[in-house]
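Colleague:
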Amino acid sequence: MTKHPKKKTSLRTRLLTGTVAAAALGAGTFGAVSATAAEPAPTQTPAAATAQPRDLTQSTHLTIDAATRAAQAALDAAERENQRVTVAVVDRNGNTVVTLRGDGAGPQSYESAERKAYTAVSWDAPTSELAKRLESAPNLKDIPGTLFLAGGAPVTAKGAPIAGIGVAGAPSGALDEKFAQAGVAALSR
1 MTKHPKKKTS
11 LRTRLLTGTV
21 AAAALGAGTF
31 GAVSATAAEP
41 APTQTPAAAT
51 AQPRDLTQST
61 HLTIDAATRA
71 AQAALDAAER
81 ENQRVTVAVV
91 DRNGNTVVTL
101 RGDGAGPQSY
111 ESAERKAYTA
121 VSWDAPTSEL
131 AKRLESAPNL
141 KDIPGTLFLA
151 GGAPVTAKGA
161 PIAGIGVAGA
171 PSGALDEKFA
181 QAGVAALSR
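Here UniProt numbering is used: the first residue of the sequence shown is 1, the next is one more, and so on.
What follows is the structure, given as structure tokens:
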């Protein structure tokens, strides 16, 4: 049996090993203390993240259920008159919430309905009224995403526009707008 001579470890190796062991022991103790703490310590909120009530505004939004109900009411009104239309409902920012394309609606009706809804909510007015304004301000039609043809109706709450309903595909803008108004009326029931 041969004996191996005992290797000496350097001071540096012993210090490094001791430091690693102390760190592991400290981490385990910290974890155990953290895991058993009853309540977290209060944290400081940065001043920039704390908003005062006077710095906030509230807005009202149409729910997806309400938007769907309005769109379906407009589509139903059109179908009762044998009209093939598309109905779009947009939120206050002009983002599409729901679009229903009726059976047989033309391919152009989808985009037209969205643009009419966007135009109605943007100016908080029916698009038939806005189309009349083009006589005195023809450059309005150059605003991206708008369509100044009858068929869009705004939805308001608390005196402010919260959505727009656009209908396209009927043979006249007056019919499109009549169906859009049926969608608005469905929201007050």
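We put the beta carbon where it would ideally sit given N, CA and C, even for glycine.
Just so it is clear, the structure is predicted and the values come from calculations on it, not from any experiment.
(1) Measuring straight from C-alpha to C-alpha, what distance separates GLU135 and GLN52?
(2) Taking the alpha helix (DSSP H) that ARG115 belongs to, which residues open and close that run?
(3) Decide if ALA137 is buried, meaning its Cβ has at least 16 other Cβ atoms within 10 Å, or exposed.
(4) Nearest-angstrom Cα distance between ARG80 and LEU56?
(5) DSSP has ALA153 in a bridge; who is on the other side?
(6) What's the gap between the Cα of ALA163 and the Cα of GLY94?
(7) Three-state secondary structure (DSSP) at ARG101?
(8) Using the Cβ count rule (16 or more neighbours within 10 Å means buried), how would you classify ASP176?
Modeller: According to the data block:
(1) 45 Å
(2) 108-123
(3) exposed
(4) 45 Å
(5) ILE165
(6) 8 Å
(7) strand
(8) buried
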